[in-house]
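Chains as they are written, first to last, in the numbering used here: chain A, 3 to 298; chain B, 96 to 268.
Put into structure tokens, the structure is as follows:
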């Protein structure tokens with residue numbers, strides 16, 4: 003053992019350790035969490051990761067189809083019955099269609115808000131050390147992506163950019179315990195903050211906290227971003243209320259939200275690289291309701 | 096002499112190619128078993144450290160760490176430094192304490208993956224005091240370490256076969 007510590011190889015490894023430690027200190031000092039070395043590696047690995055990700059996904063889909071043939075048939079039958087019931091509801095409840103059109107106006111972000119700029123991206127990796135379905139995309143700082151940029155799908159908000167290199171970026175989802183978003187119930191106009199919890203994240207859910215005890219939030223309500231703090235555009239769908247429960251101390255309520263997209267299976271996303279402080283209100287917005295929100 | 100040099104270079108090149116292949120496999124979104132993801136790169140550099148030497152193990156540990164740091168949400172350098180030290184330690188332990196055997200490779204890999212997982216967990220979540228994150232150690236970190244250790248078993252035999260095929264026998268063997 004003494005020979006090892008006196009040998010040349012130990013000195014080389016010690017020098018490499020010191021070098022990596024210097025990279026770590028530099029990454030911590032400038033706040034990016036990345037280094038020149040990781041930037042260079044990501045330039046080389048991102049194109050290959052993109053190709054491997056596509057191939058692996060195709061293999062996985064094919065295998066899933068082979069093994070789930072019987073279950074798919076049962077699911078198909080159940081979906082047919084559910085479809086018939088939903089059709090009956092649509093016929094009877096015309097006002098749901100009108101509300102659906104109003105919500106689509108919010109969700110149609112690209113046409114309603116041309117001032118937003120997007121970078122389309124594909125999910126190319128999910129790291130083994132991540133716990134809340136965070137993922138890597140094939141867009142980075144060279145594509146205009148910055149730390150803190152919101153990431154969305156056609157259904158709604160998915161998460162935020164946590165780290166970038168030139169060719170890739172790591173995204174933490176709204177299920178992450180470290181992720182909080184200012185939110186609003188679109189029906190009652192009540193304000194809250196969404197946050198991830200370990201218990202709910204395992205089911206693909208998150209919570210909307212700080213609702214008052216008199217809150218009128220109900221299951222089925224749609225929750226969108228409030229735009230508070232100018233960190234995210236307004237009116238991006240975060241999720242649908244599943245249930246409303248009292249918090250541990252009984253002083254307030256919280257709602258369990260179900261995101262519109264399964265964050266564990268997201269494959270294609272849009273990164274909002276630029277947006278103004280507030281997006282223009284959707285057509286048909288009632289000014290009285292907006293004033294009530296601003297006053298609260 | 097020249098032939099043995101070519102064989103050595105080829106051996107290390109194959110190790111590097113295998114490391115890259117396992118890294119891409121590790122990061123592929125579809126590569127999860129019941130929601131748990133393994134780190135097969137750990138299962139590669141540990142057997143390399145055990146079957147080659149501590150210097151080789153340290154270098155390949157460093158390379159694996161740099162790749163993992165590129166994809167990780169933790170600050171750059173954590174995996175690099177950890178894996179360099181672990182690769183070196185695995186090599187030294189094999190020289191002075193244990194024999195190079197498949198079960199040793201599995202144990203060392205489990206220990207390395209568990210230590211890396213616990214440290215990452217602490218840095219990303221533990222130190223910030225988020226409620227309930229402790230259970231992630233049992234639902235994600237430990238299962239991930241177990242899966243990574245299972246990778247070490249076939250990789251041990253792969254590395255041993257490559258070493259035997261590409262290492263020039265010394266005189267007197």
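We treat Cβ as the ideally placed atom computed from N, Cα and C, and that holds for glycine.
Can you pull the DSSP bridge partners for residue 48 of chain A? Here residue 48 of chain A corresponds to residue number 46 of the first chain, with the count starting at 1. DSSP lists no partner for residue 48 of chain A.
Is there a Cβ from chain A that is less than 7 angstroms from the Cβ of residue 228 of chain B? In the second chain, counting from the first residue as 1, residue 228 of chain B sits at position 133. Yes, residue 228 of chain B counts as interfacial toward chain A.
I want to see whether chain B comes within less than 7 angstroms of residue 291 of chain A, judged by CB atoms only; does it? As a working mapping, residue 291 of chain A is identified with position 289 in the first chain. Unreliable placement is indicated for residue 291 of chain A, whose pLDDT of 40 sits below 50; no coordinate value is reported for it.
From this set, A:141, A:82, A:213 and A:195, which residue's C-alpha is nearest residue 231 of chain A's C-alpha? One-based indexing of the first chain puts residue 231 of chain A at position 229. Selected option, being the one with the closest Cα: A:195.
With a threshold of 16 other CB atoms inside 10 Å of the CB of residue 15 of chain A, please say whether the residue is buried or exposed. Against the first chain, residue 15 of chain A aligns to sequence position 13. So residue 15 of chain A counts as buried.
Tell me the residue span of the beta strand (DSSP E) that contains residue 165 of chain A. The count along the first chain starts at 1 and reaches residue 165 of chain A at position 163. Per DSSP, residue 165 of chain A belongs to the beta strand (DSSP E) from 159-166.
Nearest residue (CA-CA) to residue 2 of chain A, options B:158, B:163, B:126 and B:111: The structure shown does not extend to residue 2 of chain A, since chain A is modelled only from 3 through 298, so no value can be given for it.
Are the Cβ atoms of residue 247 of chain B and residue 138 of chain B separated by less than 7 angstroms? Counting from 1 along the second chain, the entry for residue 247 of chain B is found at position 152. Counting from 1 along the second chain, the entry for residue 138 of chain B is found at position 43. The answer is yes: Cβ separation under 7 angstroms.
Of the residues A:157, A:95, A:137 and A:175, the one placed nearest residue 262 of chain A, counting alpha carbons only: Mapped onto the first chain, residue 262 of chain A falls at position 260. Looking at the Cα atoms, A:157 is the closest of the given residues.
Which stretch, first to last residue, makes up the alpha helix (DSSP H) that contains residue 152 of chain A? The residue given as residue 152 of chain A occupies position 150 in the first chain. No alpha helix (DSSP H) contains residue 152 of chain A, which is instead part of the beta strand (DSSP E) from 152-154.
For residue 3 of chain A, does the count of other Cβ atoms within 10 angstroms reach 16, so buried, or fall short, so exposed? Residue mapping note: residue 3 of chain A aligns to position 1 of the first chain, counting from 1. Its Cβ having fewer than 16 others within 10 Å, residue 3 of chain A is exposed.
Closer than 7 angstroms, CB to CB, is residue 103 of chain B near chain A or not? By one-based count along the second chain, residue 103 of chain B stands at place 8. No, because no Cβ of chain A sits closer than 7 angstroms to the Cβ of residue 103 of chain B.
Find the residues of chain B that neighbour residue 25 of chain A, judging by a C-beta separation of less than 7 angstroms, and give them in chain order. Counting from 1 along the first chain, the entry for residue 25 of chain A is found at position 23. Under the 7 angstroms cutoff, chain B gives 171 and 172.
How would you call residue 78 of chain A, buried or exposed, if buried means at least 16 neighbouring beta carbons within 10 angstroms? On the first chain, residue 78 of chain A is found 76 positions in, with the first residue counted as 1. Classification of residue 78 of chain A: exposed, given that the 10 Å Cβ count is below 16.
Is the beta carbon of residue 161 of chain A sitting closer than 7 angstroms to the one on residue 175 of chain A? To locate residue 161 of chain A, count along the first chain from 1; it is residue 159. To locate residue 175 of chain A, count along the first chain from 1; it is residue 173. A contact, by the Cβ cut-off of 7 angstroms.
The region 174-199 of chain A: which residues have C-beta closer than 8 angstroms to a C-beta of chain B, in chain order? 174, 179, 180 and 199
Examine chain A for any beta-carbon lying closer than 7 angstroms to the beta-carbon of residue 156 of chain B, and answer yes or no. On the second chain, residue 156 of chain B is found 61 positions in, with the first residue counted as 1. Closer than 7 angstroms: no.
Of the listed residues A:143, A:187 and A:179, nearest to residue 200 of chain A (C-alpha basis): The residue you call residue 200 of chain A lines up with position 198 of the first chain. Shortest Cα-Cα distance from residue 200 of chain A to any of A:143, A:187 and A:179 involves A:179.
Could you name the residues of the same chain whose beta carbon sits closer than 8 angstroms to that of residue 102 of chain B, not counting the 5 residues immediately before and after it, in chain order? Here residue 102 of chain B refers to the residue found at position 7 when the second chain is read from its first residue. If we look at residue 102 of chain B and ignore the five residues flanking it on each side, its Cβ neighbours are 261, 262 and 263.
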